[in-house]
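First comes the structure, then the notes that go with it.
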Ligand SMILES: *Cc1c(COP(=O)(O)O)cnc(C)c1O
Ligand SMILES: [Zn+2]
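Numbering (my numbering), first residue to last: 7 to 446.
Okay, structure coming up:
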């Protein structure tokens, strides 16, 4: 069956553009593009047959379908040759029942999707495998690519560097100097990427990258490139699949450049269009109060203005002028969307509170958890609602955040600080200490 997907303008300009053409904006009106699938062709297989096919492939060994992104290849990027695919076994991450944390909040059915348990430690791998595979497909078809480039707040660059290195394709990553974690800086260095550390913020890096793409002919790996969205959207499909194809009532996701909220919507749209699901969840975007342009737009009936993003512990979402805002608003309007924000103290304490129930949350997941707490307190999320929080990165990528929180050197009250107890190698001292800490 010849499945087909093309780029199309989100503003409705006529014209289909092939996915293996470097194209990031509509050539007519300059608006964003999206990938559109031939749904009629996909409908030749029933919803039940698609679900069975995806379940049969899930985490199995047949290349490339064991990856939960490529296990859904027909829905993601059907035209790329299997031999061109650059996969490091994306997706299939644990969706855990946050029983104790949920109870503390008064929720019976709270789940956290641990997307950070991925090759480079963030959910960016889901989209990057698709983008780098298409680049390798282009190169194999005789169209050279000088290098793939991205601006990043740390996770996109780690992911691009790893996938480009796996494919043997040169990469350039442009980072705001001093604003990514040590681990996030070391990842692209280790993978041999050309790392440009610039004295500006993410929005400034993005402007430089756009010129590298336009004037130097580099291939763009930021989420303005809709190929990334096609991979990222599998998170929606995967979490429904993990619930035996049941749809949650609410999904909460932290948002910065806002590609991922539209990816989430695109995944739910496709399942509905192909009869796999028959209801939609409510989608909530969680922003840092230090970088909250979408929150402000939501307050104003979606009238959007960029802001100057201020420093936040949630560095991966410190973005004032999100590239994909138009797509995000469109998604939220269809998914009964909510946008809420979290302060630095709220995000740090929510992450730490949930850590006390066995998680190890990154600050962005902290933003989502803090927003969850607010919506429960306001009654916008009810005790019976089935809620999934998307945890976007591993806390292990942000040791400085955890260290400063528990050392109480952040400019906020660390409500759940826990410090090591230093003792001499003396059993009496140890016994006195445990008697004090854990009364018998
Ligand atoms: C990229 C990223 C986000 C936000 O995704 P956007 O598409 O930029 O909104 C959230 N959390 C982490 C850890 C990320 O790396
Ligand atoms: Zn257009």
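Glycine residues also receive a C-beta, built at the ideal position from the N, C-alpha and C atoms.
Item: C-alpha distance - residue 98 paired with residue 432, whole-angstrom precision; Value: 46 Å
Item: Per DSSP, the bridge partner or partners of residue 165; Value: Answer is none; residue 165 lacks a bridge partner.
Item: Alpha-carbon spacing of residue 443 relative to residue 427, whole angstroms; Value: 10 Å
Item: Residue nearest to residue 418 in terms of C-alpha spacing, selected from 139, 355, 256 and 158; Value: 355
Item: Limits of the alpha helix (DSSP H) - the one that residue 181 falls within; Value: Careful: residue 181 lies outside any alpha helix (DSSP H), inside the beta strand (DSSP E) at 177–182.
Item: Of the residues 402, 422, 390 and 434, the one placed nearest residue 351, counting alpha carbons only; Value: 422
Item: Segment contact, 8 Å Cβ cut-off, at least three pairs: the region 176–186 with the region 194–213; Value: yes
Item: Range covered by the beta strand (DSSP E) that runs through residue 347; Value: 344–348
Item: Residues that DSSP places opposite residue 13 in a beta bridge; Value: 23 and 41
Item: Cβ-heavy atom distance, residue 161 to ligand 1, below 7 Å; Value: yes
Item: At least three beta-carbon pairs within less than 8 Å, the region 337–346 to the region 264–275; Value: yes
Item: Option nearest residue 240 by Cα separation, candidates 130, 347 and 26; Value: 130
Item: Whole-angstrom distance between residue 158 and residue 16, CA atom to CA atom; Value: 24 Å
Item: Exposed unless 16 or more other CB atoms sit within 10 angstroms - verdict on residue 453; Value: It is not possible to answer for residue 453, since the shown part of the chain is limited to 7 through 446.
Item: Straight-line Cα distance separating residue 27 from residue 399; Value: 30 Å
Item: Contact check, residue 227 vs residue 121, beta carbons under 8 Å; Value: no
Item: Residue 12 versus 333, 47, 83 and 65, residue with shortest Cα-Cα distance; Value: 83
Item: Neighbourhood of residue 123 by C-beta distance below 7 Å, restricted to the same chain and skipping five residues each side; Value: 99, 100 and 400
Item: Coarse secondary structure for residue 120, derived from DSSP in three states; Value: strand
Item: Beta-carbon spacing of residue 290, residue 300 below 8 Å; Value: no
Item: contact_flag[the region 247–261, the region 387–399] where n(CB pairs < 8 Å) is 3 or more; Value: yes
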